[in-house]
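Note sheet for the following structure.
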Amino acid sequence: MQQLSHINKKVSGYLLVLVLVFGSIFLVIVSSFVGYIISQDQVVNFRHEQQRATEIAEAGLNYYRWYLAHFPDDVTDGTGLPGPYVHVYNDPEDGPIGEFSLDIASSTYCGSVSSVEVTSTGHTYVNPEAVSVINARYARPTVAEYSFITNGAVWYGDDRVITGPVHSNQGIRMDGSHNSFVGSGQASWTCTSSFGCSGNPTVNGVFTTTANANPGLFSFPISPVDFAGLTIDLSEMKTRAQDPTYGGIYYGPSGASGYRVIFNGDGTVTVRRVNSTTSYWAYSSEEGWHNTERNVINSTSFLANETINSDCPLLYFEDKVWLEGEVSQKVTLAAANLSSGSQTNIVINDDITYASGVDAGLLAIAEDDVDVGLVVPNNMTANGIFVAQNGRFGRNHYCTSCTSGGWWGTNYGLPGSLDPYVLRGTLTRYGSVISNGRVGTQWTSSGVTVSGFQNRITSFDSNQVDSPPPMTPETSDVYIFDSWQQEG
288 MQQLSHINKK
298 VSGYLLVLVL
308 VFGSIFLVIV
318 SSFVGYIISQ
328 DQVVNFRHEQ
338 QRATEIAEAG
348 LNYYRWYLAH
358 FPDDVTDGTG
368 LPGPYVHVYN
378 DPEDGPIGEF
388 SLDIASSTYC
398 GSVSSVEVTS
408 TGHTYVNPEA
418 VSVINARYAR
428 PTVAEYSFIT
438 NGAVWYGDDR
448 VITGPVHSNQ
458 GIRMDGSHNS
468 FVGSGQASWT
478 CTSSFGCSGN
488 PTVNGVFTTT
498 ANANPGLFSF
508 PISPVDFAGL
518 TIDLSEMKTR
528 AQDPTYGGIY
538 YGPSGASGYR
548 VIFNGDGTVT
558 VRRVNSTTSY
568 WAYSSEEGWH
578 NTERNVINST
588 SFLANETINS
598 DCPLLYFEDK
608 VWLEGEVSQK
618 VTLAAANLSS
628 GSQTNIVIND
638 DITYASGVDA
648 GLLAIAEDDV
658 DVGLVVPNNM
668 TANGIFVAQN
678 GRFGRNHYCT
688 SCTSGGWWGT
698 NYGLPGSLDP
708 YVLRGTLTRY
718 GSVISNGRVG
728 TQWTSSGVTV
738 SGFQNRITSF
748 DSNQVDSPPP
758 MTPETSDVYI
768 FDSWQQEG
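Residues 288 to 775 in the numbering used here are what the sequence shown spells out, letter by letter.
Shown next as structure tokens:
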């Protein structure tokens with residue numbers, strides 16, 4: 288009996304150990320499960336609050352977009368002081384539930400705001416540690432989004448290769464190749480002989496006579512572009528260029544024919560006075576035959592090598608400008624004499640290219656015409672956003688020997704030394720043309736190119752869309768989200 292009792296006690300001890308072991312295991316499992324449930328609940332709650340924080344941060348971005356619509360150049364949230372700027376977020380149903388904090392920076396040239404960068408940090412009062420951070424860039428859309436904007440009717444020939452949107456407030460004959468929409472402000476228009484039509488037919492706002500174009504991308508009528516709204520306050524540009532606070536470059540009237548301006552590809556520009564030019568006959572649709580064009584330079588004299596200020600890369604010349612060279616930064620050049628009765632032109636005198644490996648871009652604004660010169664390379668490159676504010680972008684018609692009224696009439700031929708430049712090869716442009724008048728760099732007779740460039744390749748510059756040169760004309764005064772990124 289004593290032995291049996293000893294055995295029973297021994298078995299009871301084993302059972303107690305097993306109960307304790309399995310009980311401990313069970314408690315560990317239950318504790319872990321409960322801890323997991325609690326942890327998951329905390330994660331869910333955190334994510335819920337962080338989602339609400341994201342909505343609050345987005346509200347901060349939308350608030351400042353609204354603010355910029357009313358105060359376009361204010362990057363201090365109305366305080367005049369550095370940020371961050373904290374606002375309480377009021378939910379329509381629950382009232383104040385959190386806050387957003389705004390850090391604001393801007394890209395500013397010559398005192399003019401180009402774009403605004405906003406970092407909005409949101410959190411809720413329930414869990415201030417559940418933070419959401421969103422970065423956004425605001426900018427107003429500009430003409431850099433287009434390959435062409437014209438205020439007059441235009442004919443794009445069958446040699447054209449165009450990348451990017453095309454718009455005219457008048458009619459368009461699109462015989463070239465294109466990859467984007469072609470829009471006209473008119474439902475129909477009269478196509479005259481100067482646009483290659485016979486009998487002055489009434490045609491659609493945009494039409495074609497070739498298989499090159501894609502009529503599926505034609506759009507007409509569409510809202511006209513307010514060309515007056517695109518014009519730039521040249522007086523304001525002059526003031527900023529003259530103001531030593533900004534550090535722009537200003538040259539007054541030359542006292543001669545104008546200035547030759549050469550970008551050197553290293554952040555500097557060479558300025559030379561144009562002392563004398565050659566007069567010759569030229570033809571344009573607006574002026575007819577005239578012997579007052581003087582775009583060929585005879586002599587120049589050195590004035591200065593100027594370093595372009597990256598904080599205010601603005602050059603203003605109160606005279607005619609011959610332009611060429613390699614651009615190595617964002618820069619804006621204007622040619623306008625606001626005090627004289629005559630208007631000022633820009634002549635693209637040679638290749639204009641961008642230096643490789645840098646964020647370069649050119650805006651060239653002429654008070655009147657932007658002319659492609661007579662004495663230019665056979666295969667020419669002209670990069671930039673070119674604005675002919677009151678005139679037109681183009682190259683006039685020239686001939687080696689042509690007369691009016693028979694053999695006894697006026698001979699409009701060029702001087703013999705200039706004859707080789709009548710007909711050129713290919714003009715390649717990377718950028719935009721904004722022209723008040725009709726554009727054209729090719730002249731034909733009976734379907735044959737007789738003057739100008741035989742081939743034209745044009746593309747808008749996507750790099751200028753996101754980051755245009757200072758004071759690029761805007762197509763809307765409303766700021767839009769240019770980029771958006773969430774960090775947390």
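Ideal Cβ placement from N, Cα and C applies to all residues, glycine included.
Limits of the unbroken alpha helix (DSSP H) element including residue i
| i | result |
| --- | --- |
| Ala-528 | 521-529 |
| Asn-750 | 749-753 |
| Ala-642 | Premise fails: Ala-642 is in no alpha helix (DSSP H) and is neither H nor E. |
DSSP three-state assignment for residue i, whether helix, strand or coil
| i | result |
| --- | --- |
| Pro-452 | coil |
| Ile-312 | helix |
| Gly-648 | strand |
| Ile-549 | strand |
| Ser-722 | strand |
| Thr-736 | strand |
| Asn-562 | strand |
| Ile-509 | coil |
| Leu-504 | helix |
| Asp-446 | coil |
| Tyr-766 | coil |
| Glu-613 | strand |
| Tyr-537 | strand |
| Val-418 | coil |
| Gly-671 | strand |
| Arg-682 | coil |
| Asn-332 | helix |
| Leu-291 | Because Leu-291 sits at a pLDDT of 49, beneath the cut-off of 50, its placement in the model cannot be relied upon, and the point is left open. |
| Leu-348 | helix |
| Ser-627 | coil |
| Phe-494 | strand |
| Trp-771 | strand |
| Thr-745 | strand |
Residue i, buried or exposed, once every other Cβ within 10 Å from all chains shown has been counted against 16
| i | result |
| --- | --- |
| Asp-748 | buried |
| Leu-291 | Caution is warranted here: a pLDDT of 49 is assigned to Leu-291, below 50, making its placement in the model unreliable, and the coordinate value is therefore given only provisionally. Per the 10 Å Cβ criterion, exposed. |
| His-357 | exposed |
| Ser-733 | exposed |
| Trp-353 | exposed |
| Gln-751 | buried |
| Tyr-412 | exposed |
| Ala-653 | buried |
| Ser-643 | exposed |
| Pro-531 | exposed |
| Thr-564 | buried |
| Ala-591 | exposed |
| Phe-673 | buried |
Straight-line gap, residue i to residue j (C-alpha atoms, nearest Å)
| i | j | result |
| --- | --- | --- |
| Thr-731 | Tyr-685 | 11 Å |
| Ser-480 | Met-758 | 38 Å |
| Ile-767 | Val-634 | 35 Å |
| Thr-408 | Ala-417 | 10 Å |
| Ile-573 | Asn-683 | Rather than Ile, the amino acid found at residue 573 in this sequence is Glu. Cα to Cα, Glu-573 sits roughly 10 Å from Asn-683. |
| Ser-597 | Ser-541 | 25 Å |
| Gly-496 | Val-659 | According to the sequence displayed, residue 496 carries Thr and not Gly. Approximately 27 Å between the Cα atoms of the pair. |
| Thr-450 | Gly-367 | 43 Å |
| Pro-756 | Ala-431 | 9 Å |
| Gly-483 | Ser-506 | 21 Å |
| Ser-393 | Ala-675 | 29 Å |
| Lys-525 | Thr-341 | 44 Å |
| Ile-384 | Trp-771 | 24 Å |
| Asn-377 | Val-548 | 56 Å |
| Gly-575 | Tyr-396 | 41 Å |
Where the beta strand (DSSP E) through residue i begins and ends
| i | result |
| --- | --- |
| Phe-387 | 382-396 |
| Leu-590 | 575-594 |
| Gly-409 | 399-411 |
| Gly-516 | Run containing Gly-516: none in the beta strand (DSSP E); it sits in the alpha helix (DSSP H), 514-517. |
| His-374 | 372-378 |
| Met-667 | 666-668 |
| Arg-460 | 459-461 |
| Leu-602 | 601-604 |
| Gly-470 | 469-471 |
| Val-659 | 657-659 |
Whole-angstrom C-beta distance between residue j and residue i, which should lie under 8 Å
| i | j | result |
| --- | --- | --- |
| Arg-725 | Thr-437 | 7 Å |
| Ile-595 | Val-618 | 6 Å |
| Ala-528 | Ile-536 | 6 Å |
| Ala-440 | Gln-457 | 4 Å |
| Glu-611 | Asp-637 | 4 Å |
| Asn-723 | Gly-678 | 6 Å |
Neighbour flag for residue i against chain D, beta carbons, 9 Å
| i | result |
| --- | --- |
| Ala-543 | In summary, chain D is missing from the structure at hand, where a single protein chain is found. |
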